[in-house]
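There are 2 protein chains.
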Amino acid sequence: MAKQNPKANRRTSITDLARTLGMSISTVSRALAGHAEVSEATKQRVRQLAEELHYQPNQLAAALRRGRSNTLGVLVPHITGHFFPEVVNGIAVEASKAGYNVMICQSNEDVEQEKKNLELLMNAQVEGILVSHANTTLDFAHFDAVNKLDIPLVFFDRVVEGMQGHHVGSVVLDDYAGAYAVVSHLIEQGCRRIAHFSGPLHVNINRNRHQGYLDALTDHHVPVIEDLTCFFDLNLETGAVAMRELLQSAELPDAVFASNDLAAAGAMQVLKERGLRVPQDIAVAGFSNETFTILTEPTLTTVDQCCHEMGQTAVQQLVRMIPDDSDKTPDPIVLKPRLIVRNSSRRLPDEAQ
Amino acid sequence: MAKQNPKANRRTSITDLARTLGMSISTVSRALAGHAEVSEATKQRVRQLAEELHYQPNQLAAALRRGRSNTLGVLVPHITGHFFPEVVNGIAVEASKAGYNVMICQSNEDVEQEKKNLELLMNAQVEGILVSHANTTLDFAHFDAVNKLDIPLVFFDRVVEGMQGHHVGSVVLDDYAGAYAVVSHLIEQGCRRIAHFSGPLHVNINRNRHQGYLDALTDHHVPVIEDLTCFFDLNLETGAVAMRELLQSAELPDAVFASNDLAAAGAMQVLKERGLRVPQDIAVAGFSNETFTILTEPTLTTVDQCCHEMGQTAVQQLVRMIPDDSDKTPDPIVLKPRLIVRNSSRRLPDEAQ
DNA sequence: TTGAAAGCGCTAACAT
DNA sequence: ATGTTAGCGCTTTCAA
């Protein structure tokens, strides 16, 4: 009975509103945009009809016309685990605050995907891009392309060294300071033979954490013992393996600082298995403040990476870079991590921070 | 010296290419799109210049013209923790496979944000929307608006009951089957007094899991003991508290099934604290297969929610709903969860699945 | 206070 | 095989 339009699923447009109201589309457009020059009466009529017809403005058209999409692009290696979801969350929240939508892509740690995603974001006319590059990325030419289009770029966490200052911003964690803080803490707890489980040094994060470890020892006049540092890919199993090996030594360490929480957890499991007490016999500390660190027994001392703050900060920097007349080469931002002291390292009473 | 364009940051357009090549924009457009009708020679010239000038097609314009944005919208309560990032990951991967971009919004469990985000997605002209609604959402009128615009909608995990079959798809986990499987497993391990830590029953997930618990008992002729079920908001602390209370009882349970891994972990901590052995004295099982469940001691038996698969499946269903002539009212999809037996419940030798 | 008209960059008839 | 043209829905001069 009801006469259905044959092409019913076309959305209501400004033109439709204008026609039914008997006014020009420019007036309708202005009314909807809340321009002061339009009479209240007209605004009322327009808004009411828009409501009735479930009018939804077409952002695509508006963006095309305006030349701005109001969208930021995000490119991360993946959105699983603890760190990236948390950072992306910070990004989403802050972007929304600044009036931007967010388009998220993941490279799956693959350079080719990364290139594709980058093009995708450029084609989507994003006004700025936030990137943490894949760990297989060695050639960064594809980021130059972004630069050439004058799309502001902010790297976070994994930054491209040597690209700073070239229309590019960056936000990283001060890994050095984080490691320095944990190791200093361990020393304060009376530890003198502190082992270090480090990831491979060609990754700058690991290099910085290792340097923090070394400098903290030196500054506190604790001798650096080469054999106490083990390099390997840090995870639960390898952490356990390394710990077992370390326990073969003639002289045992009195603490282990792992550059990653999983490796620390693996080490703790071995220590307990062997009947060694944590922290009394050997103190343990990790890095990242993963969710599970409050679940281990004892709870794990670690360094918080301020993920949410990193996302926020990155967006703030990016948004400042967007206006045409803005500073395109902002200073790199380095966030101070937070030492989180828990039971795996607390030997003295009331050492809570 | 170098003469810089005053308005240098305008991106290269098809028109620019056409002008420099001395051909019409339609030829260029066709060449770039790889139409068969264009000569190879022309294609070559066009592609080369496009490369040289770093031409990037403007998706906004293409989408506007075509009337399709090639974008799917995703609306989740948040992208932190374990579950949602993992599902979103599945969504992103599958969407990309199907040639769609993804726009992700989070409601932060807030209905108002949810409404706003929904409008945002509609305005962005997404071709379909995947939603897991905020847990404060009771009125679902804002989803009707999506429906009215003929934008296909797929709910996942948190579904709107009663909206099914109305141009709406859904993908959920079979919580009932998951709970039924764990409890059956516990019974097979010889447990007869199985306690249940359940979340509030007004949430359907909890209701289903509880029912699975009850039915598994009944079907295996194990008596249902009312006092063994505790209702509370499940987390680490409350799990510990509930466990302590339970240990006051005259007759102890011989197993605990918590509808959430954190509560199970809390319970395990208390058990160990009291010198009770897991699983020999009291077996423990959780639900969700959180990352940390392989880190607890003993490792925690749990139910995997197939997060990635849920994301994939949801996208597949959504994509099928997009064509004009498609079935707009697909059958709800119910995913079978996977029981993961670990040491916290393994009493018999070789019970690995 | 309102309207007419141009055009953002692209695609797709419809020519030729 | 290539060109001409109209128009997607919107914003924004310019004119009235």
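Line order of the protein sequences matches chains L and D. The first sequence begins at 1 in the UniProt record's numbering and counts up by one. The second sequence begins at 1 in the UniProt record's numbering and counts up by one. For glycine and all other residues, C-beta sits at the position ideal for the given N, C-alpha and C.
Interface partners of residue i on chain D, CB under 8 Å
i	result
residue 371(L)	Past the boundaries of the shown model lies residue 371(L); chain L is included only from 1 to 353, so the question cannot be answered.
K115(L)	Simply none; closest approach about 13 Å.
K148(L)	H54
Q125(L)	N58, Q59, L60
CB contact flag (residue i, residue j, <8 Å)
i	j	result
S132(L)	V46(L)	no
S184(L)	H220(L)	yes
Q317(L)	V171(L)	yes
A263(D)	N235(D)	yes
N101(D)	L120(L)	yes
E251(D)	R192(D)	no
residue 401(D)	M163(D)	It is not possible to answer for residue 401(D), since the shown part of chain D is limited to 1 through 353.
T296(L)	L295(D)	yes
V278(L)	P298(L)	yes
V28(L)	A36(L)	no
L149(L)	M122(L)	yes
M321(D)	G99(D)	no
A255(D)	L186(D)	yes
N135(L)	H167(L)	no
P57(D)	T80(L)	no
A179(D)	Y213(D)	yes
G239(D)	A258(D)	yes
T229(L)	D261(L)	no
L49(L)	I91(L)	no
L201(D)	M243(D)	no
S345(D)	Q211(D)	no
Strand pairing of residue i, partner residues [DSSP]
i	result
N101(D)	T71(D)
G128(D)	L72(D)
D144(L)	According to DSSP, D144(L) bridges with nothing at all.
I333(L)	V171(L)
Q59(D)	In DSSP, Q59(D) forms no bridge with anything.
V256(L)	A195(L), V284(L)
I340(L)	T302(L)
C230(L)	F197(L)
Q106(D)	V76(D)
F155(D)	V131(D), S170(D)
Integer Cβ distance of residue i from residue j, believed to fall under 8 Å
i	j	result
H82(D)	E290(D)	5 Å
T12(D)	H54(D)	7 Å
F156(L)	V87(L)	7 Å
D304(L)	R338(L)	4 Å
A63(D)	L118(L)	The Cβ separation is near 19 Å, so there is no contact.
Where residue i meets chain L, residues with beta-carbon distance less than 9 Å
i	result
S344(D)	Per Cβ cutoff of 9 Å: no residues; S344(D) is ~13 Å from chain L at best.
V102(D)	M103, I104, C105
L234(D)	Within 9 Å Cβ-Cβ: nothing; L234(D) doesn't reach chain L, min ~15 Å.
S69(D)	L60
Amino acids of chain D, ordered along the chain, whose beta-carbon sits closer than 9 Å to that of residue i
i	result
A314(L)	Simply none; closest approach about 16 Å.
L186(L)	Within 9 Å Cβ-Cβ: nothing; L186(L) doesn't reach chain D, min ~22 Å.
Contact list for residue i against chain L, beta-carbon separation under 7 Å
i	result
A145(D)	H54
F292(D)	T291, F292, L295
Residue i: contacting residues in chain D (beta-carbon distance under 7 Å)
i	result
L153(L)	What L153(L) touches in chain D: nothing, since even the nearest Cβ is about 14 Å away.
A265(L)	L295
A63(L)	L60
L120(L)	N101
Cβ-heavy atom distance, residue i to the ligand SAH, below 7 Å
i	result
A195(L)	For the ligand SAH, the structure offers nothing, since it holds no ligand at all.
Contact set between residue i and chain L, taken where Cβ atoms lie within less than 8 Å
i	result
residue 442(D)	No information on residue 442(D) is available, as it lies outside the stretch 1 to 353 that chain D covers here.
The segment 132–145 of chain D / the segment 106–120 of chain D touching (three or more Cβ pairs under 8 Å): A contact between stretches requires three or more CB pairs, one per stretch, nearer than 8 Å, and the segment 132–145 of chain D meets this requirement with the segment 106–120 of chain D.
Are the segment 205–221 of chain D and the segment 262–271 of chain D touching by the rule of at least three beta carbon pairs closer than 8 Å? no
Would you call the segment 331–339 of chain L and the segment 22–31 of chain D touching, i.e. three or more CB-CB distances under 8 Å? No, the segment 331–339 of chain L does not touch the segment 22–31 of chain D.
Tell me, please, whether the segment 64–71 of chain D touches the segment 281–288 of chain D by the rule of three or more beta-carbon pairs shorter than 8 Å. no
Tell me, please, whether the segment 296–314 of chain D touches the segment 301–318 of chain L by the rule of three or more beta-carbon pairs shorter than 8 Å. no
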